[in-house]
Amino acid sequence: MTVRNTPNGFHLNDAGRRIIVDPVTRIEGHMRCEVNIDEDNIIRNAISSGTMWRGLEVILKGRDPRDAWAFVQRICGVCTGTHALTSVRAVEDALKIKIPENANSIRNLMQLSLQVQDHLVHFYHLHALDWVNPVNALKADPNATSLLQQSISPHNPKSSPGYFRDTQNRLQKFVESGQLGPFKNGYWTNPAYLLPPEADLMAVTHYLEALDFQKDIMKIRTIFGGKDPHPNWLVGGVPCAINIDGVGATGAINMERLNLVSSIIDRTITFIDQVYIPDLLAIAKFYKGWMYGGGISGQSLLSYGDIPDDANDYSASNLLMPRGAIINGDLTKVHEVDLRDPEQIKEFVPHSWYKYPDESKGLHPWDGITEPHYSLGPNAKGTRTHIEELDEAAKYSWIKAPRWRGHAMEVGPLARYVIGYAQGNKEITEQINFVLKTLDVPVTALFSTLGRTAARGLEAQWAAGKMRYFMDKLITNIKAGDLATANVTKWDPETWPESVKGVGFTEAPRGALAHWLKIENTKIANYQCVVPTTWNGSPRDEQGNIGAFEAALMNTKVERPEEPVEILRTLHSFDPCLACSTHIMGPDGAELTQVKVR
Amino acid sequence: MTETFYDVMRRQGITRRSFLKFCSLTAASLGLAPSFAPKIAHAMETKPRIPVLWLHGLECTCCSESFIRSGHPLAKDVILSMLSLDYDDTIMAAAGHNAEAIVTEIVEKYKGNYILAVEGNPPLAEDGMYCIIGGKPFVEQLKYAAESCKAIISWGSCASWGCVQAAKPNPTRATPVHKVPGLANKPIIKVPGCPPIAEVMTAVVAYLLTFDKLPTLDRQGRPQMFYSQRIHDKCYRRPHFDAGQFVEHWDDEAARQGHCLYKMGCKGPTTYNACSTVRWNEGVSFPIQSGHGCIGCSEDGFWDKGSFYERLTDINQFGIEANADAVGGTAAALVGAGIAAHAGLTALNRAKQPGAEKQ
């Protein structure tokens, strides 16, 4: 039995019964979670383990830096594009390439559409079933659902009793068929589900409606990038050319294409305002007594910022998404974040399945090392290829433990919103105050599972509005006669210096994302990604600090230990992306490769 | 448990008229004549919803993300009415033991009568522990589910070829489904692409259900209805290629007029896929239409065929291993060489014309 206090303020006790969730579903990639609960079913110890590793950065070594975006884009097909954007920014930083204004606006439109679609899909298709019980929806009176809908979203035309009755009929027949498909083996009799039937029916109806609608948002990326998932990007700008009324304009971004983008933006804003936000608030009202899951969100938060207003200026004042760090719960002070400073971001591996020469020290991504080293601790149960219980005192995850000035940090929509709130960002403050007032909860309510989920919705709403802003900006710039979308002056590798390094960053839907690379003799010499789920899902570090997932699970009551919906709820509130979180390489990774580094 | 697709639709309050319309649309989306619609209707009236286990190995989930972008049929209708998607860890409500129990239940209850869909692939290095499901190597789950399935769908380039994690030096020994040692000998339909086109994915499903047989596969195991021709063969910019009108630099005048991207590295001439016809996201566009060359994402080993911006002639990748892949690669390279000769000739002809420089 181990009982101890972590430096970041959690009291761990592994004496109670161990509950294991593996696979954790409705996430991207593969993860495992283990907790110990006490006699009152309260979580007193939590372990989050990333259970996949692909080694993408190892693969990147020796490749053409202009190709890197396509490789790293395949780190994740859910937050598709954000790695690619991070990569082209890193290469442009290294080679000092300036992109045209139009390219900046188009990239922002693509990134913002991802934010909206990803948040929407997360809320309805990955997270909703933690709060919404589709089986209970069968008991609803469609008239009651209709009244509820009209009361929370008076402008939504799809609110008739017949509309909801259709969904209910469809659901009824689906359930009666005995083939429950994705709803099979859910915890549908668990008392942790609190919605009345009419709210469940409304939410299930919108589950289906959102599934239909989300695909339209991504058409914006197909227009500019040719396909989605995994659209095309370009070092130096964007690959699509603009031609409004010249010869051959049908072969480029023209008036018809711009109109299509514009109409999708309008419909997106409507959907978020009339469906997503009202649903979020309606569901939150029923759960506002469930204030678990805060973890470290009230003390340590990090954001790199994103969405540069003007092209090529990545300073905090030009970024529309906030940048900064909060530590020790002091919201009065937002610290500056410098990705190049070797003292700020470091990664540790004493509890990760990697080897360092000296594991008491962390390494900045420029100097990162990755040597996979799978092993289980002496107290693990099971075998090497059949794990029954992990030993968290030893190595237990394919995720490294990044720390900012030694602190485990939470990243993501809640981090961005709290940092923006602390900085007095007007739009963010207005949105947060509206929610707090509507739900009649204090600001501390933000630091919870529900707060994370609410911040994601607010950010989707914000991002949809900013799509309109950048669309207008793009049109204005074109109107002024600027058609440029790419800067090709440094396209030819012969124009490059022999040895350079760069860093690029974005705010992925799940949080702060950065890539560090070194280019030598026109090829990639080193490529390193530190991604949102590496921050949030990190295992313990050498000081014993627990990461954001583990912290958020602590002290939560689990109604039925054999049906741990509360664990899923809190983990899902981070929107984990495991394929993202688990690959790293460094100079010493070379021994893994057979690629010749020129 | 013998409920048919038609039963389900009818019981969902869908009229026979709407049902028949759906069948016509399905026929159209498969590229079939309207006369096929009654056959589809008949098939759907007499078949139960087939269980599907959709497993995930090393992957990025882009295949699932693509799948939910399908416009015809809608992903919603596939999930609620066409299949019984009993296991898919990306969207399923169940987790942990409850999720694992579903795999066992389907395997035992529907022996020989369920589809195994695989997204991603298993790593074989480190005893498979680079991808762990339920504490065990993913490859075990894959082999177990394959043993009793009716057929396997290898979604995307990961399951079909290995894709990005199998690019050199393939640190985890990520292995495509058909090359997994000890895997049960089952029919495998490869639907490559990174990801595959949404409507191609749902059309393959609809074809299986409608005709109750595997689609005709080419020598590499891909449905020939979507993968038998090169993107170049049906590219709307092909006339510019034939006319020798090429983009020379990003965002040049030729780019703004939508000329051919061959010189910018387009792999359309060696890539077998439906992008230039079906297009992406309900036909909105495809890579070439949006100004970037094809990167060949549905081809075996496309990550290791040189830069995406090198012209196909620069490709240098034969002779390392004499296997079927190398032979395929050589054939592709020969096609490339033919194109280069063609392009060279066109350029020569153009050089003879006064004012050719300006174009």
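Chains L and W are the protein sequences, given in the same order. The first sequence lines up with residues 1 to 598 when you count with the working numbering. The second sequence lines up with residues 1001 to 1359 when you count with the working numbering. We put the CB at the ideal spot given by N, CA and C, even for glycine.
Take the Cβ of residue i as the centre, count every other Cβ of all protein chains shown within 10 Å, and call the residue buried at 16 or more, exposed below.
i, result
"L:Phe434", "exposed"
"L:His125", "buried"
"L:Thr332", "exposed"
"L:Arg452", "buried"
"L:Asn487", "buried"
"W:Thr1175", "buried"
"L:Met1", "exposed"
"L:Lys96", "exposed"
"W:Asp1242", "exposed"
"W:Gly1268", "buried"
"W:Glu1199", "buried"
"L:Val21", "buried"
"L:Gln214", "buried"
"L:Val247", "exposed"
"L:Ser499", "exposed"
"W:Gly1128", "buried"
Would residue i count as contacting chain L if we go by Cβ distances under 8 Å?
i, result
"W:Arg1049", "yes"
"W:Asp1088", "yes"
"W:Ala1232", "The question names Ala, yet the displayed sequence has His at residue 1232 of chain W. So no, W:His1232 is outside the interface."
"W:Ser1276", "no"
"W:Pro1181", "no"
"W:Pro1287", "yes"
"W:Pro1269", "no"
"W:Ala1238", "Looking at the sequence shown, residue 1238 of chain W is not Ala but Arg. Not closer than 8 Å to any Cβ of chain L, the Cβ of W:Arg1238 fails to qualify, so no."
"W:Arg1256", "yes"
"W:Tyr1130", "yes"
"W:Asp1242", "no"
"W:Glu1108", "no"
"W:Ala1331", "Caution applies to W:Ala1331, whose pLDDT of 41 falls short of 50 and renders its modelled position unreliable; the value that the coordinates give is listed next. No, W:Ala1331 does not count as interfacial toward chain L."
Considering only DSSP beta bridges, list what residue i is partnered with.
i, result
"L:Leu301", "L:Ile326, L:Glu410"
"L:Met52", "W:Cys1131"
"L:Thr383", "L:His386"
"W:Trp1280", "W:Ser1285"
"W:Arg1311", "Paired residue(s): none; W:Arg1311 is not in a bridge."
"W:Trp1155", "W:Glu1119, W:Val1191"
"L:Ser360", "DSSP lists no partner for L:Ser360."
"L:Glu28", "L:Cys577"
In terms of residue numbering, what span does the alpha helix (DSSP H) encompassing residue i cover?
i, result
"W:Met1225", "1224-1227"
"L:His386", "No alpha helix (DSSP H) holds L:His386; the beta strand (DSSP E) holding it covers 386-389."
"L:Ala552", "548-553"
"L:Asn433", "426-439"
"L:Lys215", "197-217"
If we define contact as Cβ-Cβ less than 8 Å, is residue i a contact residue for chain W?
i, result
"L:Met110", "no"
"L:Tyr163", "no"
"L:Trp496", "no"
"L:Phe348", "no"
"L:Val597", "Note that L:Val597 scores 27 on pLDDT, short of 50, meaning its location in the model is unreliable and no value can be drawn from it."
"L:Tyr374", "yes"
"L:Asp313", "no"
"L:Phe224", "yes"
"L:Trp131", "no"
"L:Asn232", "yes"
What span of residues does the beta strand (DSSP E) with residue i cover, start to end?
i, result
"W:Ile1188", "1188-1191"
"W:Asp1088", "1083-1088"
"L:Lys501", "499-508"
"L:Glu347", "345-348"
"L:Met321", "319-321"
"L:Ala512", "511-520"
"L:Gln528", "523-530"
"L:Val21", "17-21"
"L:His11", "11-13"
"L:Trp404", "401-404"
"L:Pro308", "306-308"
**Item:** Ordered list of beta strand (DSSP E) runs contained in the segment 243-292 of chain L, each at least 3 residues
**Value:** none
**Asked** Curious, which full-length alpha helix (DSSP H) runs of at least 4 residues does the segment 1050-1111 of chain W contain?
**Response** 1062-1067, 1096-1109
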